[in-house]
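There are 2 protein chains.
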Amino acid sequence: MLREAGLRPTAQRMSLGAILFSGCDRHVTAEALYHEAVQASVPVSLATIYNTLNKFAEAGLLRQVIVSGAPTHFDTNTSNHPHFFVENTNLLLDIPAAEIVLEKMPAVPDGFESAGTEIVVYLKRKAGCA
Amino acid sequence: MLREAGLRPTAQRMSLGAILFSGCDRHVTAEALYHEAVQASVPVSLATIYNTLNKFAEAGLLRQVIVSGAPTHFDTNTSNHPHFFVENTNLLLDIPAAEIVLEKMPAVPDGFESAGTEIVVYLKRKAGCA
DNA sequence: ATTTGTGCAAATCGTTTGCATCTGA
DNA sequence: TCAGATGCAAACGATTTGCACAAAT
Numbered sequence: 259m260l261r262e263a264g265l266r267p268t269a270q271r272m273s274l275g276a277i278l279f280s281g282c283d284r285h286v287t288a289e290a291l292y293h294e295a296v297q298a299s300v301p302v303s304l305a306t307i308y309n310t311l312n313k314f315a316e317a318g319l320l321r322q323v324i325v326s327g328a329p330t331h332f333d334t335n336t337s338n339h340p341h342f343f344v345e346n347t348n349l350l351l352d353i354p355a356a357e358i359v360l361e362k363m364p365a366v367p368d369g370f371e372s373a374g375t376e377i378v379v380y381l382k383r384k385a386g387c388a
Numbered sequence: 259m260l261r262e263a264g265l266r267p268t269a270q271r272m273s274l275g276a277i278l279f280s281g282c283d284r285h286v287t288a289e290a291l292y293h294e295a296v297q298a299s300v301p302v303s304l305a306t307i308y309n310t311l312n313k314f315a316e317a318g319l320l321r322q323v324i325v326s327g328a329p330t331h332f333d334t335n336t337s338n339h340p341h342f343f344v345e346n347t348n349l350l351l352d353i354p355a356a357e358i359v360l361e362k363m364p365a366v367p368d369g370f371e372s373a374g375t376e377i378v379v380y381l382k383r384k385a386g387c388a
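Respectively, the protein sequence lines represent chains A and B. Going by my numbering, the first residue of the first sequence is number 259, and it counts up by one from there. Going by my numbering, the first residue of the second sequence is number 259, and it counts up by one from there.
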């Protein structure tokens, strides 16, 4: 899988890949993945986590999701789908692509091409619910 | 205007407000607004710019726009509209709300309520165009 | 008189980088 | 052998904060 993506299959990358891709789709931050790796006794540094996540994203294995007020998240589901994000938490949720439909895409200005669309619906806890 | 928003009208806030709201709709970063203010001989510190932008946003006078790979932008157009963002620049553009239509909004999970939707279409320069 | 904002510098957070070392091709 | 990856610690950029002072109610 790494080789196919043009990445050298090193020990760390294989271990991280196993954590990320062996189960269901998931969202991680660098920090969270680092803790998981440490707990799984994967010898890896935080810097390498950042490098690896960025390489994976570059190679199309992961999708970067930027949200306001939280560190960058990476999504193992690389399809173009929107997200919910709960404010003041690290909770990022997929929205099934079917749940939201763009009626019409805006015309891209001359000389440019689209490099992807990000849609994030911010959520807050309803008043009264602890 | 400041008073209506529940903000104390100080000299700095009035000057910054004048820069932001006297012309057409615009997008600024803290750093950019700081330089503008300095050039306009407004005595203000960068920390105050940040405070002011955050207060303005909180009060609903500005809208925060988060983009990947650039500092936070603030939009004087507080209506809920999507943006183009040109990668590796600070160029943020409004997309008229009419240009994009959501067919269907995703159901908000139980116990939460929506706090706003962000839509950003990332653009890159077309290959071959310097 | 009291509350709130300001300025500065220092602190913080997330992330990247320089460099020496190691490792996979 | 040698490009590329790793680890560490230091550097970094954007933003926030603590505290003394000033200004607004």
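Heads up, the beta-carbon is just placed ideally off N, CA and C, and yes, glycines get one too.
Residues bridged to residue i [DSSP beta-bridge criterion]
i, result
"L351 of chain A", "A:F342"
"Q322 of chain B", "B:F332"
Of the listed residues the options, nearest to residue i (C-alpha basis)
i, options, result
"G275 of chain A", "A:K382, A:L311, A:A385, A:A355", "A:L311"
"V323 of chain A", "A:V300, A:R266, A:A288", "A:A288"
"L278 of chain B", "B:E262, B:G374, B:H331", "B:H331"
"S259 of chain A", "A:Q297, A:K362, A:G318, A:D333", "Looking at the sequence itself, residue 259 of chain A is Met, so the reference to Ser does not match. That would be A:G318, whose Cα lies nearest to the Cα of M259 of chain A."
"F370 of chain A", "B:A290, B:A263, B:G374, B:K384", "B:K384"
"A290 of chain A", "A:D333, A:A263, A:E316", "A:D333"
"Y308 of chain B", "B:Q297, B:H293, B:S280", "B:H293"
Simplified DSSP state of residue i, which is helix, strand or coil
i, result
"R271 of chain A", "helix"
"L304 of chain A", "helix"
"I277 of chain A", "helix"
"A373 of chain A", "strand"
"L311 of chain A", "helix"
"V286 of chain B", "strand"
"L381 of chain B", "strand"
"L265 of chain B", "coil"
"V296 of chain B", "helix"
"L291 of chain B", "helix"
"A356 of chain A", "helix"
Close Cβ partners of residue i (< 6 Å) along its chain, the five nearest in sequence each way excluded
i, result
"V302 of chain A", "Q270, A295"
"V300 of chain B", "S273"
"L304 of chain B", "Y292"
Contact set for residue i: own chain, Cβ-Cβ below 8 Å, skip 5 residues either direction
i, result
"N335 of chain A", "D283, R321, D352"
"A298 of chain B", "S273, I277"
Close beta carbons around residue i, own chain, < 7 Å, minus the five adjacent residues each side
i, result
"K313 of chain B", "L265"
"T306 of chain A", "Q270"
"R261 of chain B", "P267"
"L372 of chain B", "In the sequence on display, residue 372 of chain B carries Ser and not Leu. Here the set comprises V366."
"M363 of chain A", "none"
### Task
Please confirm if the stretch 349-358 of chain B is in contact with the stretch 324-339 of chain A, defined as three or more CB-CB distances below 8 Å between the two stretches.
no
### Task
Specify whether the stretch 278-298 of chain B and the stretch 377-386 of chain A touch according to this definition: at least 3 beta carbon pairs, one from each stretch, less than 8 Å apart.
no
### Three-pair Cβ contact test at 8 Å for the stretch 327-346 of chain B versus the stretch 337-350 of chain A
no
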